[in-house]
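K.L.:
Okay, handing you the structure first.
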Ligand SMILES: Nc1ncnc2c1ncn2[C@@H]1O[C@H](COP(=O)(O)OP(=O)(O)O)[C@@H](O)[C@H]1O
Ligand SMILES: [Mg+2]
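Chains as they are written, first to last, in my numbering: chain A, 18 to 268; chain B, -6 to 780.
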C-alpha cells in the first residue's frame, strides 16, 4: 500500500495532462432483481485523465451513477476491468477498496450525507483525522467559502451550505480524484452555481481529477470533456474548446 | 384491512429476531410467574392433602411427665378436636459401619392401631406389633441414607442403656417432612433419623407407664389456636410443661412454609422486571416503526383510513409479539412448573402430589403482559394516530444535535470525531439512553439479587461456625451433671479442649412480648463458644446479667440495661427479673447467654452442666466417637463440620438450579435490550454509517461508532445494576428474615464480577450479531435515497 504515492499526480495542475488516472475496459454491470436482469453498464471503454474535469451527461437510468460508483470503489462490476493508475481496482477486495477510498477518493452526492451529530468543522475533521497529508478542516471550509459557518450543525445550514460542507469534506484530504454525482440536483440554480464554483476552484487550484455527473447540458460547459451516456454505454465524447467559468453558467 | 394485515406480517418477518428477543423476555417473565405460582399452589394443595389425610396435628407440647388421665381433660379444652399423647425422646444412635454417632428422635406409636394423629405413610414393611419391644419403623430419608431396610438393625442408647432395635418398616410422616436434628439448621439424613417405636416398649424404658411426655392435638373448625395453647399450658404447667406451640412454630412446617414463601417472592418481583424491560423494548421498536413509516401513515390517512385504524394496526403488531411471548411463557412455565413441583415433592417426599395451574394464573399472566405491552407502545401508537396526513407526507426534519456538556465545559480537546458522535447521540435522546442503561442494569440486578444468597450463606457459616461456635463437637448430656464430668470428657482420646455449657429452657417476658428460647451458660474464659459484637469482634461474657442475640433483643424490644422477666421451664422453675448486659450478633436462632455460674445461681443449683463443647484431634475421631457412644451420660453428639457441610450442600443444590436459570434470564435481558436498541440505532443511522464507509472508514471503525455507544451504555449500566441488585438483595434478605434465620446482606466481589461478566458477554454477543448487519450495509443503495 506504500506505492500509492501522490507523485503520480504532481504534474496534475496542467489539466488534461494526457496521463490516464482511470483506464476502463469492457465495464459491465448487471443487476439481478428477481426474474429480470437490468444491464446498467454494457461494456464501457473509457479513460479519465489526471487533472481534468470530466462531465458525465445522459438521461436518467443511463448508467452514470453505476459507472461512478465503480470508479469510486463503492460497487463492483459484473465484468470488465478498471485501472486506477497502476492498480487494478477490479481485483481489490473489500479492505483494499476501503483503503483506496480513504486515501484517494473524494465523493460528493446529491444528498449531502453529512453526519447530523457533527458540526461543519467536525464533519470535515472526520476525514482529515484518517487522511495522510490533509489540509486543515478550516482551510477546506474556507476554500468553499464557509469559513463563517464552521460551528453550525447540519440542521442549522441551508441545502447549498450543506453541500459545500460535503465538498470541503471530500477535498480536505487532498484526494487524487473527486467524484460528484449530481451535486446540484437538490439545489436551486443560484445556489448550484456557488457549489459549482467551489468544485471549479478545487479542480484548478489543487489539480484534482474531477468527474461530475449531471443531466444538464449547460452545466457540462464548465468541463474539459463531456462524456455522454445512454442506455448503459458511452455514445459520445466531446472536448470543450474552452471551459466556461461556473459563474457564467445558466440552466 | 387485508392489505394492512399483510404489511403487518411482512413487518414482523423483517424484524423477526428483534420480535423474538422481546417475546422471549416476555416469555421469561410469564414463565417465572406461571412456574412459581403453579408450583406454589400445587405444593400448597399437595401439602394440605397430605396433612389432611394423615391427620397432622395443629398444636404440640412436651412435658416432663404427665399421667394418661390428663388426656381427657385436654380433650375437654374448648375447641380441641382430637388428642394424641406420646412419649418422645432424643437418643444417640450407633449404626454398624458408621464411626460417628448419629442422633435419633424416638416417637412412640400405638401397637394395636394406627395413631389417631400424625399417622404414618408406610413405604416398606409394616408397623410395630404388640409385645415385640425391639421393633421400629424408620423415616424414609434416614433408611435410605444408611440402606437400613426391614430385617436390618441399629443400636440406640435409651435411658442410658444401649439397646438393639430391629427395623420392620420404613415410613413417611407429615410431622417430619423436614427432619431436623437438635441444634441443626439443615436436614442431614445420615446423622439424624426419626424412629417410631411401640408405646409400651418406650414407656417401659423410661418408666413412663400410664404417662406421657408429649401431646399433640387438632382443633375444631373456628377454634382459637392461641386460646387452646394457653389453656393447654395451664393444664400442663404442674407436670413440667415447656410451652405449647402451633404449626407455625413446628420445625418441619415452618421450613416448608419458608421454601414456599421463597417461591412466592420469586413469582412476583422477577416477572415485573421482565415485563418492564419488555415494555421498554416494545416502546423503542414500535416508535421506530412509526417514525420510518410516517409517509406511509400519511398516505393511509390520505386514502381515508382513520387514526383509530392506524393505531389498531400498530397495536396489533405489539399484540402479536406479546401473544407469542405469553404462549412461550405458558408452555415454558407449565413445563418448568411441573418439573419444579416434582423436584420439590421428591425433596419433601410427599406421598400425595397434585399438579395443577389454575386458569386464573394464566389469565393474570396474559393480562399483565398485554398491559405492559400497551404501556410500552401507547405513546408511539398515539403519535401515529394523531399524525396529520399533510405533515406525515413530508420527510421528517433532520435530527437536531447539540454539543454535550462535556464539550461546553471545554473538556473535549481529546475527543475524536467518533467519540463526539457517540456522546452526542447518547445526549440527543437522554431518556432512551437512560432506559437502555436501566434495562441492561436490570440484567446485572437480577443476577446479584439471586446470587448474593451464596455470599450471605458464606458469611453465616463464617460467623456461626468460625466465630461463634468454634467447637468441633457438641456433646449433649442426658441430664445435668456436676461440672466434674468435664475432666472425664477431657481424658477421652483426641480431646484437646473441653468447655462446660449449661442450657436451660426459658421463657423471657417484657410486658406482653414473650419468647421461648434456650438460655445458654458459658464460662468467662469460653473460647470455643464465643460471643461477638456487631462488628464480628469477640466480646467477653459479663459476670452477671443476660446477653441477647440482636434478633431476640429486637423481638422482645429491649436493649442494654433493660430488665427482662425470665421464667425457667425446668428444675425448680425459678423466675427472676434479670438485666440485659449486652446484645450480640447472631444469624441463626434467637439465643440468650449468661455466665454459667450466674445461671446456676439463678437456677439455685450447684455447678452443673448439660452440654460440653469439644475441640478434638480429627486423627483420633474414630476412637473418640467410640468412647462417646459407650458413655451412658451422653445423650447425643453434634458434629459441627458435618453440620456446616450439610448446610452448604443443601443450599448449594437449590442455588445451582436457581443460578442457572438466572444466568439465562439475565443474559436474555441484556441481549434483548442491547440487540433491540442497536438494531433501532442502526436503522436510524444506517445512512450516516454508510456515508462514513464511503468516506473510507473501515467496517471496524464504523461498527465502533454504533456499538461503542452500546459498549458505553453497557459499562455505564454496571454501577446502577450493582446498586439496584444490592437494593433487591436487601429487600430479599429482609423478606426472608425470620426469627430462625437472618440473612446478612453480603455481596462479594466475585458476585459483582460474575454479574458484570454475564452482562458484558451478552451485550457483546448481541453486538457481534449487529456487527454482521453493519458489515453488509449497502453503500450505494443507502446513498441513493433520501432520508
Ligand atoms: N441496486 C440496483 N438494483 C437494480 N437495478 C439498479 C440498481 N441500481 C441501479 N439500477 C438500474 O441500473 C440502471 C442504471 O442506473 P444508474 O446508474 O443509477 O443511472 P443514472 O445514474 O444514469 O441515472 C437503471 O436502469 C437502474 O434502474
Ligand atoms: Mg444517477
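Just so it is clear, CB atoms sit at the ideal spot from N, CA and C, and this is done for glycine as well.
As the structure is a prediction and not an experimental result, all values here were calculated from the model.
What are the residues that DSSP puts in a beta bridge with residue 414 (chain B)?
P.N.:
Looking up residue 414 (chain B) in the second chain gives position 421. DSSP lists no partner for residue 414 (chain B).
K.L.:
Looking only at its chain, what residues have a beta carbon closer than 6 Å to the beta carbon of residue 345 (chain B), apart from the 5 residues adjacent to it on each side?
P.N.:
Within the second chain, residue 345 (chain B) is the residue found at index 352, counting from 1. Here the set comprises 39, 42 and 43.
K.L.:
What in chain A is Cβ-close to residue 681 (chain B), meaning under 9 Å?
P.N.:
For the purposes of this step, residue 681 (chain B) is identified with residue 688 of the second chain, where counting begins at 1. In chain order: 130, 131, 132, 133 and 134.
K.L.:
Alpha helix (DSSP H) containing residue 154 (chain A): first to last residue?
P.N.:
Taking the first chain and counting its residues from 1, the one referred to as residue 154 (chain A) is at position 137. 154 to 160 is the span of the alpha helix (DSSP H), which, as asked, contains residue 154 (chain A).
K.L.:
Determine, using beta carbons only, whether residue 79 (chain A) comes closer than 9 Å to chain B.
P.N.:
As a first step, residue 79 (chain A) is located in the first chain; it is residue number 62 there, counting from the start. No, its Cβ sits nowhere closer than 9 Å to a Cβ of chain B.
K.L.:
Using three-state DSSP, classify residue 593 (chain B) as helix, strand or coil.
P.N.:
Locating residue 593 (chain B) in the second chain gives position 600, where the first residue counts as 1. Helix, per DSSP.
K.L.:
Against chain A, does residue 668 (chain B) count as a neighbour if the rule is that its beta carbon must be under 9 Å from one of theirs?
P.N.:
As a first step, residue 668 (chain B) must be located in the second chain, where it is residue number 675. Nearest CB-CB separation between residue 668 (chain B) and chain A: not below the 9 Å threshold.
K.L.:
Looking at chain A, is there any beta carbon in it that lies within less than 9 Å of the beta carbon of residue 355 (chain B)?
P.N.:
In the second chain, counting from the first residue as 1, residue 355 (chain B) sits at position 362. Chain A, which has no Cβ nearer than 9 Å to the Cβ of residue 355 (chain B), makes this no.
K.L.:
Who are the neighbours of residue 772 (chain B) on chain A, taking C-beta pairs under 9 Å?
P.N.:
Along the second chain, one-based indexing puts residue 772 (chain B) at 779. 86, 91 and 92, listed in chain order.
K.L.:
Ends of the beta strand (DSSP E) at residue 495 (chain B)?
P.N.:
Here residue 495 (chain B) corresponds to residue number 502 of the second chain, with the count starting at 1. Residues 488 to 503.
K.L.:
Which partner residues of residue 78 (chain A) appear in the DSSP bridge assignment?
P.N.:
Reading the first chain from its first residue, position 61 is the one you call residue 78 (chain A). Partner(s): none; residue 78 (chain A) has no beta bridge.
K.L.:
Could you run through the segment 204 to 224 of chain A and flag, in chain order, every residue whose CB is less than 7 Å away from some CB of chain B?
P.N.:
none
K.L.:
When you compare the CB of residue 66 (chain A) with every CB in chain B, is at least one pair closer than 9 Å?
P.N.:
Reading the first chain from its first residue, position 49 is the one you call residue 66 (chain A). So, not an interface residue.
K.L.:
If you measure from the beta carbon of residue 147 (chain A) to each beta carbon in chain B, is any gap under 9 Å?
P.N.:
Taking the first chain and counting its residues from 1, the one referred to as residue 147 (chain A) is at position 130. It does; some Cβ of chain B falls within 9 Å.
K.L.:
To the nearest angstrom, how far is it from the Cα of residue 258 (chain B) to the Cα of residue 45 (chain B)?
P.N.:
Here residue 258 (chain B) is taken as the residue at index 265 of the second chain, counted from 1. Here residue 45 (chain B) is taken as the residue at index 52 of the second chain, counted from 1. Cα-Cα distance, rounded: 26 Å.
K.L.:
Under a Cβ-count criterion, where at least 16 other Cβ atoms within 10 Å of its own Cβ denotes burial, should residue 544 (chain B) be classed as buried or exposed?
P.N.:
Walking along the second chain from the start, residue 544 (chain B) turns up at place 551. Its Cβ being crowded by 16 or more others within 10 Å, residue 544 (chain B) is buried.
K.L.:
Please report the straight-line C-alpha distance between residue 485 (chain B) and residue 197 (chain B), rounded to a whole angstrom.
P.N.:
In the second chain, counting from the first residue as 1, residue 485 (chain B) sits at position 492. In the second chain, counting from the first residue as 1, residue 197 (chain B) sits at position 204. Near 32 Å, if we compare the C-alpha coordinates of residue 197 (chain B) and residue 485 (chain B).
K.L.:
Buried or exposed: which applies to residue 438 (chain B), given that a residue is buried once 16 or more other Cβ atoms fall within 10 Å of its Cβ?
P.N.:
Walking along the second chain from the start, residue 438 (chain B) turns up at place 445. Label assigned to residue 438 (chain B): buried.
K.L.:
Using a threshold of 8 Å, is the CB atom of residue 77 (chain A) nearer than that to any non-hydrogen atom of ligand 2?
P.N.:
Position 60 of the first chain, counted from the first residue, corresponds to residue 77 (chain A). Yes, Cβ of residue 77 (chain A) sits closer than 8 Å to a heavy atom of ligand 2.
K.L.:
I want to see whether chain A comes within less than 9 Å of residue 652 (chain B), judged by CB atoms only; does it?
P.N.:
Indexing the second chain from 1 puts residue 652 (chain B) at position 659. No, residue 652 (chain B) lies away from the interface with chain A (no Cβ there is under 9 Å from its Cβ).
K.L.:
Can you list the residues of chain B that residue 144 (chain A) reaches, using a CB-CB cut of under 8 Å?
P.N.:
As a first step, residue 144 (chain A) is located in the first chain; it is residue number 127 there, counting from the start. Here the neighbours are 688 and 689.
K.L.:
If we cut at 9 Å on Cβ distances, does residue 156 (chain A) have a partner in chain C?
P.N.:
Absent from the structure is chain C; the protein chains it does hold are A and B.
K.L.:
Which class does residue 46 (chain A) belong to by DSSP, given the choice of helix, strand or coil?
P.N.:
Mapped onto the first chain, residue 46 (chain A) falls at position 29. Strand, per DSSP.
K.L.:
So residue 207 (chain B) is in the beta strand (DSSP E); what residue range does that whole segment cover?
P.N.:
Within the second chain, residue 207 (chain B) is the residue found at index 214, counting from 1. Note, residue 207 (chain B): beta strand (DSSP E), 204 to 212.
K.L.:
Starting from the beta carbon of residue 409 (chain B), find every residue of chain A whose beta carbon is closer than 7 Å, and list them in chain order.
P.N.:
One-based indexing of the second chain puts residue 409 (chain B) at position 416. Per Cβ cutoff of 7 Å: 146.
K.L.:
Under 9 Å between the Cβ atoms of residue 206 (chain A) and residue 421 (chain B)?
P.N.:
Translated into the one-based positions of the first chain, residue 206 (chain A) becomes position 189. Translated into the one-based positions of the second chain, residue 421 (chain B) becomes position 428. Not a contact, by the Cβ cut-off of 9 Å.
K.L.:
Residue 197 (chain A) bridges to which residues according to DSSP?
P.N.:
Counting from 1 along the first chain, the entry for residue 197 (chain A) is found at position 180. Residue 197 (chain A) is bridged by DSSP to A:125 and A:229.
K.L.:
Along chain A, which residues have their Cβ under 8 Å away from the Cβ of residue 421 (chain B)?
P.N.:
Along the second chain, one-based indexing puts residue 421 (chain B) at 428. Residues of chain A passing the Cβ test: 134.
K.L.:
Just to confirm, are residue 238 (chain B) and residue 480 (chain B) a CB contact at a threshold of 9 Å?
P.N.:
Position 245 of the second chain, counting from 1, holds the residue named residue 238 (chain B). Position 487 of the second chain, counting from 1, holds the residue named residue 480 (chain B). Taking 9 Å as the Cβ cut-off, residue 238 (chain B) and residue 480 (chain B) do not qualify as a contacting pair.
K.L.:
Do residue 446 (chain B) and residue 725 (chain B) count as a contact pair if the criterion is CB distance below 9 Å?
P.N.:
Within the second chain, numbered from 1, the residue matching residue 725 (chain B) stands at position 732. Within the second chain, numbered from 1, the residue matching residue 446 (chain B) stands at position 453. Yes, the pair counts as a contact, with Cβ atoms nearer than the cut-off.
K.L.:
So the alpha helix (DSSP H) residue 581 (chain B) belongs to, where does it begin and stop?
P.N.:
Position 588 of the second chain holds residue 581 (chain B). Residue 581 (chain B) -> no alpha helix (DSSP H), and no H or E assigned at all.
K.L.:
Return the residue from the list B:396, B:515 and B:721 that minimises the CA-CA distance to residue 603 (chain B).
P.N.:
Residue 603 (chain B) sits at position 610 when you count from the first residue of the second chain. Taking only the C-alpha atoms, the option nearest residue 603 (chain B) is B:515.
K.L.:
What are the start and end residues of the beta strand (DSSP E) that includes residue 604 (chain B)?
P.N.:
Taking the second chain and counting its residues from 1, one reaches residue 604 (chain B) at position 611. Residue 604 (chain B) -> beta strand (DSSP E) spans 601 to 609.
K.L.:
In the structure shown, what three-state DSSP assignment does residue 57 (chain B) receive?
P.N.:
Along the second chain, read from residue 1 onward, the residue named residue 57 (chain B) stands at position 64. In the structure shown, the three-state DSSP call for residue 57 (chain B) is strand.
K.L.:
How many angstroms separate the CA atom of residue 61 (chain A) from the CA atom of residue 317 (chain B)?
P.N.:
For this step, residue 61 (chain A) is matched to residue 44 along the first chain. For this step, residue 317 (chain B) is matched to residue 324 along the second chain. Cα to Cα, residue 61 (chain A) sits roughly 53 Å from residue 317 (chain B).
K.L.:
Out of B:58, B:26 and B:325, state which residue places its alpha-carbon closest to the alpha-carbon of residue 202 (chain B).
P.N.:
Indexing the second chain from 1 puts residue 202 (chain B) at position 209. Nearest of B:58, B:26 and B:325 to residue 202 (chain B), Cα basis: B:58.
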